[in-house]
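Residue numbers (the numbering used here): 14 to 244.
Quick look at the structure:
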């Protein structure tokens, strides 16, 4: 694609070829998530402690996006994959992110302090709409594009596989929760100091692996658990 490709707003990342498109996608996620985790959350992101969708799925989305841009051969998709529909899909992704945010909080998947961590805010308010727009325009546009050459077919297959693996990593993460986002204190611009209570699904999963960070139970609760009633 050329600089004059005409894609509005976020489409600029799709106008300068597959390498820039893939790099932009990687910068949004996982790049920015890792940077926010390091600078604001004072933690070094470790693959074993992160969601698989971030460490594996998001880089594969960047590859899929780059392949989609390459598959379009410098043409801006129109019709259902055109920029207007891409913007609508981006707004839908933002709405989904807000709904997911609320649902996870109400169901106790994250605590309020986790839900307001910088990496979580970035993921829900930036990653969803930005990646939604790019993937709709480039991936759907490439999938619908004409061309039956071997190179085009190979790019399309790899692109679709990347998206499917990303979906699979998200399914896996729901069945295997990890900390994801630490309880955060915005007044001090750092995670709340431990020990932490097992107050959410993700915190319980983390504390099972790292019991040294668990908040001690009150003495009364421990005594009640240790009491044996004899009939």
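By construction, the Cβ of each residue, glycine as well, lies at the ideal position given by its N, Cα and C atoms. Predicted model only: the values in this text are computed from it and were never measured.
Reference residue i, options the options, closest by Cα
i, options, result
"residue 113", "98, 99, 96 and 134", "134"
"residue 128", "27, 204, 32 and 28", "204"
"residue 194", "173, 217 and 188", "217"
"residue 63", "201, 172 and 185", "185"
"residue 191", "98, 78 and 122", "122"
"residue 78", "142, 176 and 58", "176"
"residue 85", "168, 227 and 54", "168"
"residue 55", "209, 83, 158 and 130", "130"
"residue 196", "115, 139 and 206", "206"
"residue 209", "202, 53 and 220", "220"
"residue 75", "164, 111, 212 and 147", "147"
"residue 213", "115, 47, 38 and 120", "120"
"residue 189", "51, 215 and 98", "215"
Buried versus exposed call for residue i [16 or more other C-beta atoms within 10 Å across all chains shown]
i, result
"residue 229", "exposed"
"residue 35", "buried"
"residue 40", "exposed"
"residue 24", "buried"
"residue 222", "exposed"
"residue 202", "exposed"
"residue 83", "buried"
"residue 117", "buried"
"residue 46", "buried"
"residue 164", "exposed"
Residue interval of the alpha helix (DSSP H) (run including residue i)
i, result
"residue 114", "96-119"
"residue 32", "31-39"
"residue 215", "214-222"
"residue 132", "131-135"
"residue 156", "154-157"
"residue 52", "45-52"
"residue 263", "Residue 263 falls outside the range modelled here, since the chain spans only 14 to 244, and no answer is possible."
"residue 84", "71-84"
"residue 125", "125-128"
"residue 147", "141-147"
Alpha-carbon spacing of residue i relative to residue j, whole angstroms
i, j, result
"residue 225", "residue 49", "25 Å"
"residue 29", "residue 178", "26 Å"
"residue 92", "residue 149", "12 Å"
"residue 136", "residue 106", "11 Å"
"residue 156", "residue 65", "26 Å"
"residue 198", "residue 166", "49 Å"
"residue 132", "residue 126", "12 Å"
"residue 59", "residue 227", "20 Å"
"residue 144", "residue 42", "9 Å"
"residue 174", "residue 80", "11 Å"
"residue 171", "residue 100", "25 Å"
"residue 26", "residue 162", "26 Å"
"residue 187", "residue 87", "38 Å"
"residue 61", "residue 31", "30 Å"
"residue 115", "residue 90", "34 Å"
"residue 200", "residue 124", "17 Å"
"residue 139", "residue 44", "13 Å"
"residue 104", "residue 57", "32 Å"
Residue i CB to nearest heavy atom of the ligand ZN below 7 Å
i, result
"residue 24", "With respect to small molecules bound, the structure shown includes none, and the ligand ZN cannot be examined in it."
Query raised in the report: Between the region 92-103 and the region 140-155, are three or more C-beta pairs nearer than 8 Å?
Result: yes
Query raised in the report: Quick check: the region 70-81 against the region 168-184, are there 3 or more CB pairs under 8 Å?
Result: yes
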